[in-house]
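First the structure, in the form of structure tokens, and then the observations on it.
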Amino acid sequence: MGTNLQRVCLSIIEEIYNCKFLNEIMENYSCYLNLSNRDKSLVNMTILTLLRRNGEVELIIKKFLKKPLKHKHNVIMNILRLATTQIVYLNIANYSVVNGFVNLVKKIRPGYENLVNGILRNICRNRSNLIETTQTIKNLPNWIRLGWEKSLSPTIVKSISKSLINIPKTDINIKKKAVFKKNWEKELGGKFIFDNILRLNKTKQIKNLIGYDNGDWWVQNAAASIPVKVIEKFFFKKNDVSVLEVGSSPGGKTMQLIDAGFNVTALEKSENRFAKLQENLRRVNYSCSLMKMDIENFKTKNNFDCCLLDISCSASGIVARKPEILLSNKSVKQLIVDQENILNKASKLIKKNGIIVYCVCSLIYEEGENQIKIFLNKNKKFKKIGLEKYFSKKFDFHFKNGDIMTLPINYKDMGGLDGFFISCLQKYE
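Next up, the structure:
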């Protein structure tokens with residue numbers, strides 16, 4: 538890896554430590570965009586590995602750094618983080634890593650090259666021992682670890698932390714009318730995980746896959762498909778069912794609902810996300826009632842049979858896909874207030890015997906399990922529907938108090954699931 542690529546890596550990781558999202562950086566950073574595909578792949582692997590193993594990398598550096606660097610020397614610390622990642626976790630020649638980053642230090646922070654050189658050479662000499670003493674639990678910030686441990690045992694949380702260092706899989710949701718058209722496992726190179734959800738064997742250019750141009754399928758993690766499957770099972774053999782979906786973009790659940798034959802009204806308050814939702818629906822040739830607004834401003838004369846709430850959350854359940862979340866010091870306090878308000882608003886838009894399906898891509902207790910406890914304590918006209926009865930034992934989910942938690946260690950042999958909390962509440966006044 539040449540010094541130019543190392544400089545690109547440094548620029549990206551500094552932006553992430555300044556609270557920027559990785560996708561936004563990659564899409565707008567010309568030095569990265571001008572790289573060859575091979576070099577982009579190397580940069581991606583370096584950044585993603587550092588993010589996923591951030592805590593372990595910090596521990597390694599501390600072993601060889603005699604005293605902490607001051608805040609003004611963050612650039613040196615970021616160089617050590619990147620170099621440590623490449624030496625310990627990636628198959629890159631050690632001399633190339635050390636020489637490249639030491640040369641970079643000479644250019645941008647002269648006077649620190651001896652410090653960096655000494656630390657990196659020590660890490661090279663101790664690499665085999667460092668690999669054997671991994672502590673993946675250290676990669677989780679306290680706000681995630683403690684939030685998970687309120688709902689899950691420390692043993693489960695530790696197992697999840699081990700799974701998060703792996704590259705997440707890509708799933709395809711195939712339309713019901715298209716699922717028997719082709720041998721999709723052969724055509725796309727994958728395996729059905731359950732129902733019409735196909736898991737790809739390898740990461741591929743999505744737009745080049747068979748069926749993309751025809752709109753036969755869309756990308757959607759298997760776990761994200763569960764909330765709509767709950768709705769399908771609850772309203773089995775019922776016709777003309779109206780569903781209000783809140784937080785619809787990018788549209789995976791919207792497409793699922795339309796594909797299942799529901800009458801869908803989809804709300805999305807973000808202008809950019811609303812445009813993305815429209816684009817995705819056009820590609821699969823689906824349509825429904827779309828509204829660019831917040832549920833707080835939504836009014837209707839006719840209540841709905843179902844409200845699907847895909848609410849903004851900490852996204853702690855998808856840190857494998859968005860590992861930059863692991864570097865944040867998030868407060869979920871405002872998110873929890875917003876979630877509670879949306880739940881209360883939705884409760885007024887549901888018909889008698891109708892349901893709210895509440896889901897968040899988070900495993901934090903306050904955003905899931907406790908949110909439902911608070912709602913039921915305040916809304917005596919609602920009861921929880923136990924979801925175990927809808928899913929046979931062939932489904933590898935974590936059930937708790939009638940709710941579903943999909944975990945990164947579910948379907949472990951197939952690559953795991955994104956982390957979701959899903960609850961179903963029925964109005965019975």
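In this text, residue positions in the sequence shown follow the numbering used here: the first is 538, and each later residue adds one.
The beta-carbon is built from N, C-alpha and C at its ideal position, and this holds for glycine as well.
Open item on the list: Suppose you measure from the CA of glycine 788 to the CA of isoleucine 616; what does that come to, to the nearest Å?
Closed with: Answer to the nearest angstrom: the Cα atoms are 39 angstroms apart.
- [ ] Taking phenylalanine 912 as part of the alpha helix (DSSP H), name the residues at either end of that continuous run.
- [x] Element bounds for phenylalanine 912: 906-915.
TODO: Could you name the residues that DSSP lists as bridge partners for alanine 490?
DONE: Outside the shown range of the chain (538 to 966) lies residue 490, about which nothing can therefore be said.
- [ ] Ignore the nearest five residues each way along the sequence and tell me which others in valine 891's own chain have a CB closer than 8 angstroms to its CB.
- [x] The sequence given here has glycine at residue 891, not valine. Correct list, in chain order: Asn840, Phe841, Asp842, Cys843, Cys844, Gln963 and Lys964.
Task: Buried versus exposed call for proline 705 [16 or more other C-beta atoms within 10 Å across all chains shown] - done: Buried, because 16 or more other Cβ atoms sit within 10 Å of the Cβ of proline 705.
Task: Buried or exposed by the 16-neighbour rule on C-beta atoms within 10 Å, applied to glutamine 623 - done: Here glutamine 623 is buried, its C-beta having at least 16 other C-beta atoms within 10 Å.
Open item on the list: Taking 8 angstroms as the limit between beta carbons, can you name the residues of its chain near leucine 864, skipping five residues before and five after?
Closed with: Taken in chain order, the residues that qualify are Ile553, Tyr554, Leu588, Asn591 and Pro678.
Open item on the list: Taking contact to mean 3 or more Cβ pairs, one atom from each stretch, closer than 8 angstroms, check whether the segment 850-861 and the segment 888-906 are in contact.
Closed with: Counting C-beta pairs with one atom in each stretch, the segment 850-861 and the segment 888-906 have three or more that are closer than 8 angstroms, which means they touch.
Task: Distance CB(leucine 846)-CB(isoleucine 879) smaller than 9 angstroms - done: Isoleucine 879 sits close to leucine 846, with the two beta carbons spaced by under 9 angstroms.
TODO: Buried or exposed for isoleucine 668, please, with buried defined as at least 16 other CB atoms from any protein chain shown within 10 angstroms of its CB.
DONE: Isoleucine 668 should be labelled exposed.
Task: CA-to-CA distance, isoleucine 693 to lysine 937, given in whole angstroms - done: Distance from the CA of lysine 937 to the CA of isoleucine 693, rounded to the nearest whole angstrom, comes to 14 angstroms.
TODO: Could you check if lysine 712 is buried or exposed, using at least 16 other CB atoms within 10 Å of its CB as the buried criterion?
DONE: Lysine 712 comes out buried.
Open item on the list: Can you tell me where the beta strand (DSSP E) holding asparagine 615 begins and where it ends?
Closed with: From DSSP, asparagine 615 is part of no beta strand (DSSP E) but of the alpha helix (DSSP H) over 611-626.
TODO: Under 7 angstroms Cβ to Cβ from glycine 953, same chain only, skipping five residues before and after it: list those, please.
DONE: So the qualifying residues of the chain are Ser700, Pro945, Ile946 and Asn947.
Open item on the list: For histidine 935 and phenylalanine 958, what's the separation of their Cα atoms in angstroms?
Closed with: Going from the Cα of histidine 935 to the Cα of phenylalanine 958 covers about 10 angstroms.
Open item on the list: Using 8 angstroms as the cut-off, can you tell me whether the segment 542-553 makes contact with the segment 572-583, which would need three or more C-beta pairs spanning the two stretches below that distance?
Closed with: Here the segment 542-553 lies against the segment 572-583, with 3 or more beta-carbon pairs under 8 angstroms apart.
Open item on the list: Taking 8 angstroms as the limit between beta carbons, can you name the residues of its chain near phenylalanine 932, skipping five residues before and five after?
Closed with: Excluding positions up to five away in sequence, the list reads Phe731.
Open item on the list: By the DSSP assignment, the alpha helix (DSSP H) with aspartate 875 in it spans what residues?
Closed with: It spans 870-884 - the alpha helix (DSSP H) in which aspartate 875 sits, taken as one unbroken run.
Task: Same chain, Cβ closer than 8 angstroms to phenylalanine 919, neighbours up to 5 away in sequence not counted - done: Counting only Cβ-Cβ distances below 8 angstroms, and skipping sequence neighbours, we find Ser884, Ile893, Phe912, Leu913, Leu962, Gln963, Lys964 and Tyr965.
Task: Contact set for phenylalanine 601: own chain, Cβ-Cβ below 7 angstroms, skip 5 residues either direction - done: Within the same chain, phenylalanine 601 has close Cβ partners Ile656, Asn659 and Ile660.
Open item on the list: Could you tell me the alpha carbon to alpha carbon distance between glutamate 861 and lysine 774, rounded to whole angstroms?
Closed with: When rounded, the distance between both Cα atoms is 43 angstroms.
TODO: Sort out for me which residues DSSP pairs glutamine 815 with in a bridge.
DONE: In DSSP, glutamine 815 forms no bridge with anything.
Task: Residues near isoleucine 549 in its chain [Cβ-Cβ closer than 6 angstroms; skip 5 each side] - done: Sequence-distant Cβ neighbours of isoleucine 549 in its own chain, meaning closer than 6 angstroms and more than five residues away, are Ile562 and Ile584.
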